[in-house]
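The opening residue of the sequence shown carries number 4 in the working numbering; numbering runs sequentially from there.
Ideal Cβ placement from N, Cα and C applies to all residues, glycine included.
Here the structure is a predicted model, which is why all the values come from computation and not from measurement.
What follows is a single structure, written as structure tokens, with notes after it.
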Amino acid sequence: MAKLEALIFDVDGTLADTERDGHRPAFNAAFADVGLDWVWSVELYGELLRVTGGKERIHEYLRVHRPDFVPAGPLDAFVRDLHRRKTAHYVRMMQEGGIPLRSGVLRLLREARAVGVRLAIATTTTAENVAALLASAPEPDLIDWFDVVAAGDVVPNKKPAPDIFALALRELDLPPSSCVVIEDSDNGVRSALGAGLDALLVTISSYTEGQDFSAAPLVVDQLGEPDQPATAVVGELDGRVCVDLELLRGLHRQVFEPRADG
Ligand code: XBP
Ligand code: MG
């Protein structure tokens with residue numbers, strides 16, 4: 004059976020709960036920059052999140068909520084400019100304090116790194132945003148812990164298409180059966196499964212509660228810490244208080260062993 008050699012992490016909602024208090028206000032700040040009175044509320048943003056990718060999300064907002072809006076120039080250039088501004092605001096916000104990593108993230112990254120399990124990222128957001136988020140974490144050079152950062156527009160299709168996970172696998176030079184994915188959204192789960200990454204853990208985040216995770220073998224509320232216990236929604240924690248590497252090795256065996264035997 005293939006050995007567990009890498010963990011592939013999603014970013015937004017998984018490493019940190021960035022959507023509500025990071026991406027959303029950054030979009031609003033970009034709208035204000037160009038004199039637009041558009042404000043994406045917490046609730047509206049939850050709806051818009053069904054569409055992955057910031058530029059794609061702005062297009063969706065225009066289509067559904069501002070059908071009469073006419074930009075000064077070509078629409079694509081207008082959206083690209085807005086999104087560039089949004090990224091600059093997001094990066095600044097991370098530099099000014101950032102958003103904390105979710106419970107258990109740093110612990111699991113440290114544990115994996117200590118035993119040579121490789122780390123990778125597969126995300127819809129930009130590499131710039133990933134770097135800014137990780138730079139705000141209480142561990143210097145955290146970005147360098149990741150062998151692969153597959154991010155944003157480097158693939159033709161964003162999640163739920165499998166492209167970004169397939170790219171992460173190519174750059175890791177590993178088959179899907181050597182990896183475990185950690186995701187927080189149904190779009191992310193579909194993307195990972197589409198790339199053959201069947202061993203996946205879902206850590207539900209604030210915007211993904213209530214989504215259908217029935218295709219995932221293990222779903223928890225958080226990775227957790229000894230003093231912040233994780234709760235399993237699907238699957239078992241096998242008596243553990245939080246998600247550790249041993250649990251992920253068990254998940255990996257559970258998913259890939261029967262296939263190797265059969
Ligand atoms: C998150 C996304 C992104 C972010 C915004 O996906 O869908 O669009 O909301 O990022 P994931 P950009 O959880 O897969 O990382 O504006 O940079 O696209
Ligand atoms: Mg996510």
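Asked	Found
Segments assigned alpha helix (DSSP H), at least 4 residues, entirely inside the segment 25-56	27-36 and 45-51
Candidates Val14, Met4 and Asp144: closest to Ile124 by CA position	Val14
Bridge partners - Gln228, DSSP secondary structure assignment	Residue identity differs from the one stated: residue 228 is Glu in this sequence, not Gln. Partner(s): Gln231.
Best match in Ala138, His86, His68 and Trp41 for proximity to Gly100 [C-alpha to C-alpha]	Ala138
For Gly56 and Thr128, the rounded distance between their alpha carbons	6 Å
Gly238 versus Gly197 - alpha carbon distance	21 Å
From Pro179, Ile167, Ala235 and Gly227, residue whose alpha carbon lies closest to that of Ala5	Pro179
Alpha-carbon spacing of Ala115 relative to Leu200, whole angstroms	18 Å
N- and C-terminal bounds of the alpha helix (DSSP H) containing Phe168	Asp166 to Leu175
Three-state class that DSSP yields for Glu8 in the structure shown	coil
Bounding residues of the alpha helix (DSSP H) (the contiguous stretch that carries Leu196)	Asp189 to Gly197
Ser194, buried or exposed, once every other Cβ within 10 Å from all chains shown has been counted against 16	buried
C-alpha distance - His274 paired with Leu240, whole-angstrom precision	No answer is possible for residue 274: it lies beyond the span of the chain, which begins at 4 and ends at 265.
C-alpha gap between Phe72 and Tyr48, whole angstroms	19 Å
Gly16: CB within 7 Å of a non-hydrogen atom of the ligand MG	yes
Spatial distance of Ala80 from Leu51 (CA atoms)	21 Å
Proximity of Ala130 and Val151 at Cβ, strictly below 8 Å	no
Cα-Cα separation between Arg121 and Trp148, rounded to whole angstroms	8 Å
Limits of the beta strand (DSSP E) - the one that Thr204 falls within	The displayed chain sequence assigns Leu, not Thr, to residue 204. Segment Leu203 to Thr206, the beta strand (DSSP E) holding Leu204.
The ligand XBP heavy atom lying under 7 Å from the CB of Asn132	yes
Rounded C-alpha distance that separates Asp166 from Arg173	10 Å
Distance cut-off 7 Å: Asp13 Cβ against heavy atoms of the ligand XBP	yes
Collapsed DSSP secondary structure at Glu186 in the structure displayed	strand
Paired residues, beta bridge with Val237 - DSSP	Val222
Cβ shell of Pro74 (< 6 Å), same chain only, five flanking positions each side left out	Phe81
Uninterrupted alpha helix (DSSP H) stretches inside the segment 58-142 (no shorter than 4 residues)	78-98, 108-117 and 130-138
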